[in-house]
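Chemist: As they're listed, the protein sequences go chains A and B.
For the first sequence, our numbering begins at 1 and goes up steadily by one.
For the second sequence, our numbering begins at 335 and goes up steadily by one.
Virtual Cβ for every residue (Gly too), placed ideally from N, Cα, C.
There are 2 protein chains.
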Amino acid sequence: MPPNKPPTIYDVARHAGVSITTVSRMINTPDKVNGDTRVRILAAIDALGFVPKAEARARAMRGTGRIGVISPFFTAPSFVQRLRGIAEALSAKKFELVIYTVDSAERLKSLLSSVPLTGNLDGLIILSLPVDDADARRLVDHGLPTVLVEFPHPNLSSVEIDDVMGGRMAAQYLLKKGHRRIAFLGDTDLPEYSLHPVSQRLVGFRQGLQEAGIELPDAFVRLAPYSQEQTRKVAAELLSMPQPPTAIFVATDFQALGVLKAARQLKIQVPEQLAVVGFDDLDLAEYADLTTIHQHLDESGRLAVEILLSQIESPSRPTRHVKLPLTLIERQTA
Amino acid sequence: MPPNKPPTIYDVARHAGVSITTVSRMINTPDKVNGDTRVRILAAIDALGFVPKAEARARAMRGTGRIGVISPFFTAPSFVQRLRGIAEALSAKKFELVIYTVDSAERLKSLLSSVPLTGNLDGLIILSLPVDDADARRLVDHGLPTVLVEFPHPNLSSVEIDDVMGGRMAAQYLLKKGHRRIAFLGDTDLPEYSLHPVSQRLVGFRQGLQEAGIELPDAFVRLAPYSQEQTRKVAAELLSMPQPPTAIFVATDFQALGVLKAARQLKIQVPEQLAVVGFDDLDLAEYADLTTIHQHLDESGRLAVEILLSQIESPSRPTRHVKLPLTLIERQTA
DNA sequence: AAAAAAAATGAAAGCACTTTCATTATAATT
DNA sequence: AATTATAATGAAAGTGCTTTCATTTTTTTT
């Protein structure tokens, strides 16, 4: 027997000198087994540390609960911060954290179909990923308590922010600072269906400008793939226009860093010649002295766990949709 | 089908017009099933209300399908990058990723005593955490294939770097750049036992300087808690000395950012007045244009998974100790 | 268009047991 | 002592799935 392979009923039978049938009887209906034989089989069970596999597995699962997190791949620091909140909230509890990373819509679909069926989880958190009606129904039907973060669905609990308001806040701040040639930069990597938070931030931003009678020209709305290098390039184009903007609202801090890099390379003074506002308030926003719309990334993870655990305890409780507040953090860049 | 008999995989297969193999794949590795077929099978599962029987699954499965990772808490971006490598390597496999975060030596001890006993992991990766002889013996005795990353133990496979050499490389680079008043800044958060990589980087750094006849004065060796704010303060003290260093080797990129911040606040030009070299080459090193010793953080995670999976497949294979190379990435700060 | 490679799917073996039917051993009855 | 009944045990079939190896289909390459 390989050292790491647990003993089976065959091993016990061999050890005790009986058939597996008799061992099975010993376990299930011992009164049908002769006394002396019973003793011999029990000794073998003890000696080998035998536990029927299904029971061993059930027993192993019983000790701790298991929370799954379906998360976009670790490329975005905001996901890491939410995950940190989740891990922190779970670390004091008797729960394991199981991570399923997603790098495509296909993969998300895959997970959402298999995770409710394999029966390994007590609860599930889905981070910043869209869930459709069929997916939501399956999760509910299989009784897997689920909390969504950032992308809500009416049938499942969620932790959200008001992205429209966030965009509006950025617009109002830049207007208050006296800016009139104002641009927006967001990312292109949006899911095919589902309103993306970045799109909502643009909606709010546009509304905020319109409320002050300021247009947001199409030339001042730029999208870049979610990488600093690509963002830098797009920002460089924007900043090299004949009449470039004097302020940019960047839909995520991560890409705001790309904008700052472009400014640095074009020797444009921030904030004197260019004001930059980001969104998220990532850990590294402080390093970059970035003015940004702060959302409680870590707290969103913690709160998701709190809601989930209460649903695991009382499955009949109604779903909850919680909106976390936004605040504007004024640093150096705007 | 008898009305009170729950549907089985055979019923689902018949209903969807596929084999039970394909249904099983849909449940366990859905990415290996064609999209249209997946939809059909899911519809059949939903229509029949099929739930796989736990006992039958337990019987049929050749393992737990789960890989555990014991990791320091997500405060350090380097752990996140290693974890990213792990997640990437596992995402194409049939394993779930279970995270156990560690925020104290007590917690580490607790995990290392309980995790091998639960029998619900196929393998374990331990990230940047010390493992003593008793821990290593327990892991081996219970047959839990284990790979260590960063902190090696002779009895377990590991993925490492040569931290001493890394320190030496930084020293040689700064000397080549003409620096003679050279300092070191590392972090104070070291485990109570086990030689920490940062200590080894200092050893190598010191050696590299000594080989050129340069002393590293005690006043030029500073330690700060692993936060940018604390690091900034310690760096500010260092930089405010009567004869401050003209170059600093910072043992981690994360803290190097704190040093750069201190320089900025003291209006010290980098690299003209102060050269800064970091270690790790974190994602954000590029943003900060940080010259740094590059280690393959993502790759260390991927390689750990590769070694682990080969040990799960063939437990009798001998342990492997792999050292990943280091390269110096020359950017703006030095 | 043909050949090669990759993806999707299926047949059959296997898992770790339980259960049914058969065989053997022992005890009770005549 | 022989026969019958009961108890103990085993062989083989069955469970509801997973997995391995093979086959078919589709896609890509030449």
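Using a Cβ-Cβ distance under 8 Å, would B:F407 count as near chain A?
Modeler: By this cut-off, B:F407 is an interface position.
Chemist: Could you tell me the boundaries of the alpha helix (DSSP H) in which B:Q629 lies?
Modeler: Run containing B:Q629: none in the alpha helix (DSSP H); it sits in the beta strand (DSSP E), 625–629.
Chemist: Is it right to say A:E229 is buried, meaning 16 or more other beta carbons lie within 10 angstroms of its own, or is it exposed?
Modeler: Its Cβ having fewer than 16 others within 10 Å, A:E229 is exposed.
Chemist: Would B:G402 be called buried (16 or more neighbouring beta carbons within 10 Å of its own) or exposed?
Modeler: Burial call: buried.
Chemist: Would you say the region 313–330 of chain A touches the region 161–171 of chain A, given that touching needs at least three Cβ pairs under 8 Å?
Modeler: The region 313–330 of chain A, when compared against the region 161–171 of chain A, does touch it at the 8 Å Cβ threshold.
Chemist: Going straight from the alpha carbon of A:E150 to that of B:Q607, what length do you get?
Modeler: Cα-Cα distance, rounded: 45 Å.
Chemist: Please tell me whether A:L239 has its Cβ less than 8 Å away from any Cβ of chain B.
Modeler: Not an interface residue.
Chemist: Hey, B:S405 and B:V357: beta-carbon distance below 8 Å or not?
Modeler: Taking 8 Å as the Cβ cut-off, B:S405 and B:V357 do not qualify as a contacting pair.
Chemist: Per DSSP, what kind of secondary structure is B:H349 in: helix, strand or coil?
Modeler: Looking at B:H349 - three-state DSSP - the assignment turns out to be helix.
Chemist: Given a cut-off of 8 Å on the beta-carbon distance, is the pair A:V259 and A:T291 in contact?
Modeler: No.
Chemist: At the 8 Å Cβ level, is A:A76 part of the contact set with chain B, yes or no?
Modeler: No, no contact with chain B.
Chemist: Please list the partners that A:V98 has in chain B, where partner means a Cβ-to-Cβ separation under 9 Å.
Modeler: Going along chain B in sequence order, the residues near A:V98 (Cβ under 9 Å) are R400, E430, L431, V432, I433.
Chemist: On the premise that A:Y100 lies in contact with A:V80, defined as a C-beta separation below 8 Å, what is that separation, rounded to the nearest angstrom?
Modeler: Actually they do not touch by this definition, with Cβ atoms about 15 Å apart.
Chemist: If you draw a straight line from the alpha carbon of A:F74 to that of A:R82, how long is it in whole angstroms?
Modeler: Those two C-alpha atoms are separated by around 11 Å.
Chemist: Helix or strand or just coil, what does DSSP make of A:R168?
Modeler: It is helical.
Chemist: Any beta carbon of chain B sitting closer than 8 Å to that of A:S19?
Modeler: No - not a single Cβ of chain B is within 8 Å of the one on A:S19.
Chemist: Consider the Cβ of B:D614: report whether some Cβ of chain A lies at a distance smaller than 8 Å.
Modeler: No, B:D614 does not count as interfacial toward chain A.
Chemist: Since B:L455 and B:V432 are thought to touch, with beta carbons under 8 Å apart, how far apart are those beta carbons, to the nearest angstrom?
Modeler: Yes, B:L455 and B:V432 are in contact; Cβ-Cβ is about 7 Å, under 8 Å.
Chemist: Please list the residues of the region 116–139 of chain A that have a C-beta atom closer than 7 Å to any C-beta atom in chain B, keeping them in chain order.
Modeler: Cβ contacts with chain B: L117, T118, G119, R138.
Chemist: Less than 8 Å between CB atoms is the rule here; does A:V80 satisfy it with respect to chain B?
Modeler: Cβ-Cβ to chain B under 8 Å: yes for A:V80.
Chemist: Please state whether the Cβ-Cβ distance between A:I182 and A:L209 is less than 8 Å.
Modeler: Against a cut-off of 8 Å, the Cβ pair of A:L209 and A:I182 comes out as a contact.
Chemist: Would you give the residue range spanned by the alpha helix (DSSP H) that B:E484 belongs to?
Modeler: It is not in any alpha helix (DSSP H) - B:E484 carries neither H nor E in the DSSP assignment.
Chemist: At 7 Å on the CB atoms, spell out the chain B contacts of A:R302, in chain order.
Modeler: Here the premise fails: no neighbours, minimum Cβ distance about 13 Å.
Chemist: For a contact defined as C-beta to C-beta under 8 Å, what are the partners of B:E389 on chain A?
Modeler: A54, listed in chain order.
Chemist: Going by C-alpha to C-alpha distance, which of B:I361, B:A347, B:V537 sits closest to B:A378?
Modeler: Ranking the options by Cα distance to B:A378, first place goes to B:A347.
Chemist: Can you check whether the CB of B:T480 is closer than 8 Å to the CB of A:A60?
Modeler: Not a contact, by the Cβ cut-off of 8 Å.
Chemist: Spell out whether any CB of chain A is found under 8 Å from the CB atom of B:I361.
Modeler: Yes - at least one Cβ of chain A is within 8 Å of the one on B:I361.
Chemist: Could you give the distance in angstroms between the alpha-carbon of B:L600 and the alpha-carbon of B:A570?
Modeler: Rounded to the nearest angstrom, the two C-alpha atoms are 8 Å apart.
Chemist: What span of residues does the beta strand (DSSP E) with B:V584 cover, start to end?
Modeler: From DSSP, the beta strand (DSSP E) with B:V584 extends over 581–584.
Chemist: Name, in chain order, the residues that DSSP records as bridge partners for A:Y100.
Modeler: Bridge partners of A:Y100: A:I70.
Chemist: Taking Cβ-Cβ distances shorter than 9 Å, what residues in chain A pair up with B:S425?
Modeler: Within 9 Å Cβ-Cβ: F73, Y100, T101, V102, D103, R107.
Chemist: DSSP has B:K595 in a bridge; who is on the other side?
Modeler: For B:K595, which the question treats as bridged, DSSP gives no partner whatsoever.
Chemist: With a cut-off of 8 Å on the beta carbons, I'd call B:G419 and B:R636 a contact; round off their distance for me.
Modeler: Yes, they are in contact, since the Cβ atoms of B:G419 and B:R636 sit about 4 Å apart, within 8 Å.
Chemist: How far does the beta strand (DSSP E) with A:G123 in it extend, from its first residue to its last?
Modeler: 123–127 is the span of the beta strand (DSSP E), which, as asked, contains A:G123.
Chemist: Could you give the distance in angstroms between the alpha-carbon of A:A89 and the alpha-carbon of B:A596?
Modeler: Computed Cα separation, rounded: 33 Å.
Chemist: Check the Cβ-Cβ distances between A:K261 and every residue of chain B, and say whether any is below 8 Å.
Modeler: So yes, A:K261 belongs to the interface.
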